[in-house]
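**Student:** Respectively, the protein sequence lines represent chains A and B. Quick note on my numbering: the first sequence kicks off at 1 and runs consecutively. Quick note on my numbering: the second sequence kicks off at 1001 and runs consecutively. We treat Cβ as the ideally placed atom computed from N, Cα and C, and that holds for glycine. Since the structure is predicted, the reported quantities are computational estimates derived from the model, not experimental observations.
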Amino acid sequence: MNQQPNLEIIHGSSRHNPIVLKGITGALQQAKIMGAFYIGYPVIASSDSSLTVDALLVSQTPGLVAFHLFEAGQNYRDYQDRLYYILEANLKKYESLRSGRSLSVPINIVSIFPEGDVPADADEQYPAASINSLADVLRNAKGVVDETLYRKLSAAIQRVTTIKPTKKRANVAKPDSKGAILREIEKEIANLDWWQKAAAIETPDGLQRIRGLAGSGKTVVLALKAAYLYTQHPDWKIAVTFHTRSLYQQFKDLIERFTLEHMGDKPDWQQIHIVHSWGSPSENGIYSIACNAINLLPINYLTAKSRYGARRAFVGVCNELAAAVKGKQLDLYDAMLIDEAQDLPPSFFQIVDALTKQPKRIIWAYDELQNLSETSMAALPDLFGREIMLTNAPDAPRQDIILPVCYRNTPWALTLAHALGFGLFRKPDIVQHFDEPSMWLDIGYMKESGELQAGKLVTLSRARDSYPPFFKKLLSPTDAVASYTFMSCEEQYVWIAEEIKRNIEQDELDPDDVMVVLPDPISQKSEYFGLRRHLESHGIPSNLAGITNDRDTFIEPGAVTISGIYRAKGNEAPMVYIANADHCAIGHELIRLRNILFTGITRSRAWVRLCGVGEQMAMLQQEIDQVVSNNFRLTFTVPTPIQLKTIRQINRDRTTQEKDQIKKAQKDINEIIELIRQDVISIDAMPQLQNLIKEAQRRNEEQ
Amino acid sequence: MNAKQIARVIATTCQALNSLDLLFTYNNPCVVSLEGCDRVSWPAKIPDSTKAPSFGTLEQYLEWVRNGEFTCLLFDYSLIRASYECVGNTVVGHNLLYWPCPVGFLVEVSCLRDLREGIEMCIDSPRQAHGVVSLTMRTPMRFDFDPDRESDDHPLVHLHTQFDDTRMSVQRAMDFPSFIKKVIRTFYRNKWASHPEIGCLHEQSIDHKEIQFDPPQHVFQVSWG
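Have a look at this one:
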């Protein structure tokens, strides 16, 4: 886990000389000051304009210090007065920082001058210093003695932005209902954490990668970053892009809110473009914008599907376009921010590269484990088609950021998702694993016992600081995660429909708080209609996302969302039912099947119910029981590289030809079984069958 | 039959068609109380959207698909819209529309997005649509029962086809299962033959104003036994 250092430096965007800022940072470090030092932050709206604090130190000693970096022609005393009043007015908004009618935290302002230019009239009321005299001047600053007050001050500075819950949940009447719990969770999630804040502000003059588990706040970070960059550079053209269409509204709302808070005004949407990665004839997307820039007719999804197939449609059109823009500098944007980058092909990044001006401020965020078997996306040179390196230099904005806290999923759901996704307790073999075992620590697990090394037994659990404390306060593991095995599909649908009815009528959830995930893309439509019939019998409306409603809509107010796994990606709901989870228990292409399960479980913001039918669900249930009975600790033997190679070969995705062969073999075996049952075939009379049995036994023994 | 009963008949008919894989998707009918009557229709998102402002155009088809303004979409994306108005147990009006999908797809349509994009391509750039979607432009057929506006040129029950102001006199008002059975039997003869269950859909008798089927000479008219 990342630990907050003694003096954490958050490098925001600054127009000032980096040598001066480096000098201040060095002076603070040399003075062994502990706290947080923000460069180019906060941006505070005043009644008529906005003001960016050149740098801000939040510490107990020397206290809260705002730095003003003197520029020729300024009256430093006037500037200090303005800065003081704006900061005071902003901090006074927090009840926790007020004492009666006054602010309980002293505000110190220091102007920094070049060596030898420090004005002679500087005094304690209007302090000024050079880099060399800074430590001396800070000795006179008024500190924040009270530790509790200091914590509240830190929280207020980090929490300059608050995301209000989208739902008021006025219908909640029972204090302990699921609706009431959800209201509490939504209230808690409304505050940005330290990691998110730092990630949002730090913007290098170049590439930046933001990684984090699903639900770690990547979208919020990107939205805040876009708003922050816009407030700092209103003349910049900034693009925000993503692959899930339903994210559009979320980005628009967040950016508008952040800009309003920081600038006191709505953003100019001519400068910030929120656009889908692809676009359509009626709306711009990054792909179609790039096409237009080189006078190429954009290809739409349907045409691309006819050329490249459904799964490779976007890859196909991006590859075509990347070849066309290769070597061209289209220079349309000063900064580009990409969400859900794991869904986008390298050629898309090459298009983005061509669209972005030097120094190529391209920021991309992605789910660390969207594809469980891969610990990273395409290698950086493959991503941009040129040699690049990301560095986290101590005195510069970080280029590679990991968001360590998962806000969406309960620690129990996430642990179960990893256990089932990796098939850690599957017999006879696990399904997949990281190449590098230490990756478990990066994604928020801690080692309880054993060795996190290939071939060694280890016990892992979610680290205490990898999830917000409210989950343990508000939820219990048995309620957060539950699984059910049914005798038939019909029985399963009846149960799910009744449970959803209970969720709405007794638990005080809204229908749109509930999502049902259907793991099998092929049968999802017929499964949907099977479930819908039972929901309708209780008067509960539902929609099959993207199939029975429009593509831009995922959740319809007042209706239960039922979704295939691909549509569910990138979306979330408080209560998630995974129907027919047995589809993912066994089969060829087990890595893909288990990834589906992982994605389904991690859609849940509070409660998840795994449902399935028959023997295959019973097999899955055994794996689930192992996690639950071990109190959501994962005890397993880390596979060796040779074992990993073998299981990857067995569980890999199959080619179309291989799929056809498997289908034919399954059909033939079923026919043989039927013929044996009818006594048409005698096993003894067929040596091939004896060989088949022997081969199966040999493999079992090997395992 | 009152509005609620008619809604139930529409819903069960759609469920039956869906179970035979004859539907792409369907909406549950809803009952809305209007001034003096109850209306059964699809869940209308646009107020009073039971009639097409631009009859038979691609734009109209696209708008209805985009907004989910239909009772059901058949397996070939043909649109069915059914709307009834009732006063108590008496039907005082209906619109029953069958609109064959105006385009043919040369690629698989897996969701409404594909359908919408295909239509959009035909509207925006027919040349680009070549090889993906082809225009078929078959005419919609709408059976209206409209006693309030009955006149010489506006028969009590009539069929709109080709043009919005074309009205062929129709022998009688129709219940929803009868309408569906006629559509399938007339336009999807293979399906009719392979799914004898459709023939068993229970037709309902609906109470309505007495209809004198007495169309003027020398115009097309629709009647059935």
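Just reading off the alpha helix (DSSP H) that residue 208/A is part of, what are its end residues?
**Tutor:** In the first sequence, the residue the question calls residue 208/A occupies position 208. No alpha helix (DSSP H) contains residue 208/A, which is instead part of the beta strand (DSSP E) from 208-212.
**Student:** Does the stretch 591-598 of chain A come into contact with the stretch 625-643 of chain A, if we say contact requires no fewer than three beta-carbon pairs (one atom in each stretch) closer than 8 Å?
**Tutor:** Not touching, per the Cβ criterion.
**Student:** Quick one, are the C-beta atoms of residue 1208/B and residue 1040/B less than 8 Å apart?
**Tutor:** The residue you call residue 1208/B lines up with position 208 of the second sequence. The residue you call residue 1040/B lines up with position 40 of the second sequence. Taking 8 Å as the Cβ cut-off, residue 1208/B and residue 1040/B do not qualify as a contacting pair.
**Student:** Starting from residue 1158/B and walking both ways along the alpha helix (DSSP H), at which residues does that stretch end?
**Tutor:** For the purposes of this step, residue 1158/B is taken as residue 158 along the second sequence, with counting starting at 1. Taken as a continuous stretch (DSSP letters only), residue 1158/B belongs to no alpha helix (DSSP H), being part of the beta strand (DSSP E) at 1157-1161.
**Student:** Comparing alpha-carbon positions, which option in 623/A, 474/A, 535/A lies nearest residue 615/A?
**Tutor:** Residue numbering aside, residue 615/A sits at position 615 when the first sequence is read from its first letter. The residue with the shortest Cα to Cα distance from residue 615/A is 623/A.
**Student:** Quick one, which of 341/A, 386/A, 365/A, 366/A has its alpha-carbon nearest residue 354/A's?
**Tutor:** Translated into the one-based positions of the first sequence, residue 354/A becomes position 354. The option with the nearest alpha carbon to residue 354/A is 386/A.
**Student:** Sorted by chain position, which residues of the same chain lie with C-beta nearer than 6 Å to residue 593/A's C-beta, five sequence neighbours on each side aside?
**Tutor:** As a working mapping, residue 593/A is identified with position 593 in the first sequence. Within the same chain, residue 593/A has close Cβ partners 584, 587.
**Student:** Compare the Cα-Cα distances from residue 390/A to each of 579/A, 206/A, 112/A, 31/A and report the closest residue.
**Tutor:** Taking the first residue of the first sequence as 1, we reach residue 390/A at position 390. Residue 390/A has its Cα closest to that of 206/A, out of 579/A, 206/A, 112/A, 31/A.
**Student:** For the stretch 301-315 of chain A, list every residue whose C-beta sits within 8 Å of some C-beta in chain B, in sequence order.
**Tutor:** Listed by position, the residues of the stretch 301-315 of chain A near chain B (Cβ gap below 8 Å) are 301, 302, 303, 305, 306, 310.
**Student:** Give the residues from the stretch 1115-1126 of chain B that approach chain A closer than 8 Å (Cβ to any Cβ), ordered along the chain.
**Tutor:** Listed by position along the chain: 1116, 1117, 1118, 1120, 1121, 1124, 1125.
**Student:** State the start and end residues of the unbroken beta strand (DSSP E) segment that holds residue 1023/B.
**Tutor:** As a first step, residue 1023/B is located in the second sequence; it is residue number 23 there, counting from the start. Residues 1023-1026.
**Student:** Could you confirm whether any beta carbon from chain A is found closer than 8 Å to the beta carbon of residue 1136/B?
**Tutor:** The count along the second sequence starts at 1 and reaches residue 1136/B at position 136. Output row for residue 1136/B: interface = no.
**Student:** Starting from residue 608/A, follow the alpha helix (DSSP H) in both directions and report where the run begins and ends.
**Tutor:** Here the question's residue 608/A lines up with position 608 in the first sequence. Here residue 608/A belongs to no alpha helix (DSSP H); instead the beta strand (DSSP E) covers 604-613.
**Student:** At the level of alpha carbons, what is the spacing between residue 17/A and residue 406/A?
**Tutor:** Translated into positions along the first sequence, residue 17/A becomes position 17. Translated into positions along the first sequence, residue 406/A becomes position 406. Between residue 17/A and residue 406/A, the C-alpha separation is close to 36 Å.
**Student:** With DSSP collapsed to three states, give me the class of residue 106/A.
**Tutor:** Locating residue 106/A in the first sequence gives position 106, where the first residue counts as 1. Correct three-state label for residue 106/A: coil.
**Student:** With a threshold of 8 Å, are at least 3 pairs of Cβ atoms found where one atom belongs to the stretch 251-260 of chain A and the other to the stretch 289-303 of chain A?
**Tutor:** They do not touch, by the three-pair rule.
**Student:** When the Cα of residue 451/A is compared with those of 638/A, 469/A, 518/A, 31/A, which residue comes out closest?
**Tutor:** Translated into positions along the first sequence, residue 451/A becomes position 451. Of 638/A, 469/A, 518/A, 31/A, the residue nearest in Cα terms is 638/A.
**Student:** Can the beta-carbon of residue 156/A be found closer than 8 Å to that of residue 97/A?
**Tutor:** Locating residue 156/A in the first sequence gives position 156, where the first residue counts as 1. Locating residue 97/A in the first sequence gives position 97, where the first residue counts as 1. Closer than 8 Å, so yes.
**Student:** So with Cβ pairs under 8 Å, would you call residue 547/A a contact of chain B?
**Tutor:** In the first sequence, residue 547/A corresponds to position 547, counting from 1. Residue 547/A counts as touching chain B.
**Student:** Can you tell me whether residue 358/A is helix, strand or coil according to DSSP?
**Tutor:** Against the first sequence, residue 358/A aligns to sequence position 358. Strand.
**Student:** Here's a check: name, in chain order, each residue in its chain whose Cβ is nearer than 6 Å to the Cβ of residue 8/A, leaving out the five neighbours to either side.
**Tutor:** Stepping through the first sequence from its first residue, residue 8/A is reached at position 8. So the qualifying residues of the chain are 36.
**Student:** Tell me, please, which residues DSSP counts as bridged to residue 333/A.
**Tutor:** Sequence index remark: in the first sequence, residue 333/A carries index 333 (1-based). Its beta-bridge partners are 356/A.
**Student:** Going by CA-CA distance only, name the one from 1073/B, 1063/B, 1016/B, 1006/B that's closest to residue 1026/B.
**Tutor:** Counted from its first residue, the second sequence places residue 1026/B at position 26. Minimum Cα distance to residue 1026/B is reached at 1073/B.
**Student:** For the candidate residues 311/A, 307/A, 348/A, 344/A, whose alpha-carbon lies nearest to that of residue 725/A?
**Tutor:** Outside the displayed range of chain A (1 to 703) lies residue 725/A, so it cannot be described from this structure.
**Student:** Per DSSP, what are the beta-bridge partners of residue 1168/B in this structure?
**Tutor:** One-based indexing of the second sequence puts residue 1168/B at position 168. The partner list for residue 1168/B (beta bridge, DSSP) reads 1159/B.
**Student:** With a cut-off of 8 Å, does the C-beta of residue 1078/B fall near any C-beta of chain A?
**Tutor:** Position 78 of the second sequence, counted from the start, is the residue given in the question as residue 1078/B. No, residue 1078/B does not count as interfacial toward chain A.
**Student:** Along the stretch 1003-1027 of chain B, where does the CB come closer than 9 Å to a CB of chain A? Name the residues.
**Tutor:** Correct list: 1011, 1015, 1018, 1019, 1021, 1023, 1024, 1025, 1026, 1027.
**Student:** Of all Cβ atoms in chain A, is any one closer than 8 Å to the Cβ of residue 1142/B?
**Tutor:** The residue you call residue 1142/B lines up with position 142 of the second sequence. No, residue 1142/B does not count as interfacial toward chain A.
**Student:** Spell out a yes or no on whether the stretch 1114-1126 of chain B and the stretch 1191-1200 of chain B are touching, meaning 3 or more CB-CB pairs, one atom from each, closer than 8 Å.
**Tutor:** Because the criterion of three Cβ pairs below 8 Å is not met, the stretch 1114-1126 of chain B and the stretch 1191-1200 of chain B do not touch.
**Student:** Taking 8 Å as the CB-CB cut-off, is residue 1110/B touching chain A?
**Tutor:** For this step, residue 1110/B is matched to residue 110 along the second sequence. By this cut-off, residue 1110/B is an interface position.
**Student:** Write down the C-beta distance between residue 143/A and residue 62/A rounded to the nearest angstrom, noting that I regard them as a contact closer than 8 Å.
**Tutor:** In the first sequence, residue 143/A corresponds to position 143, counting from 1. In the first sequence, residue 62/A corresponds to position 62, counting from 1. Confirmed, Cβ separation roughly 6 Å.
**Student:** Counting only C-beta atoms, is residue 609/A closer than 8 Å to chain B at any point?
**Tutor:** Mapped onto the first sequence, residue 609/A falls at position 609. It does not; no Cβ of chain B falls within 8 Å.
**Student:** Do we get a CB-CB distance below 8 Å when we pair residue 529/A with the residues of chain B?
**Tutor:** As a position in the first sequence, residue 529/A is number 529, starting the count at 1. Residue 529/A counts as touching chain B.
**Student:** Let me check one thing: in DSSP terms, what residues is residue 11/A bridge-paired to?
**Tutor:** In the first sequence, the residue the question calls residue 11/A occupies position 11. Note: residue 11/A sits in a beta bridge opposite 39/A.
**Student:** For residue 488/A and residue 613/A, I'd like the C-alpha separation in whole angstroms.
**Tutor:** One-based indexing of the first sequence puts residue 488/A at position 488. One-based indexing of the first sequence puts residue 613/A at position 613. Near 6 Å, if we compare the C-alpha coordinates of residue 613/A and residue 488/A.
**Student:** Can you tell me where the alpha helix (DSSP H) holding residue 122/A begins and where it ends?
**Tutor:** As a working mapping, residue 122/A is identified with position 122 in the first sequence. It is not in any alpha helix (DSSP H) - residue 122/A carries neither H nor E in the DSSP assignment.
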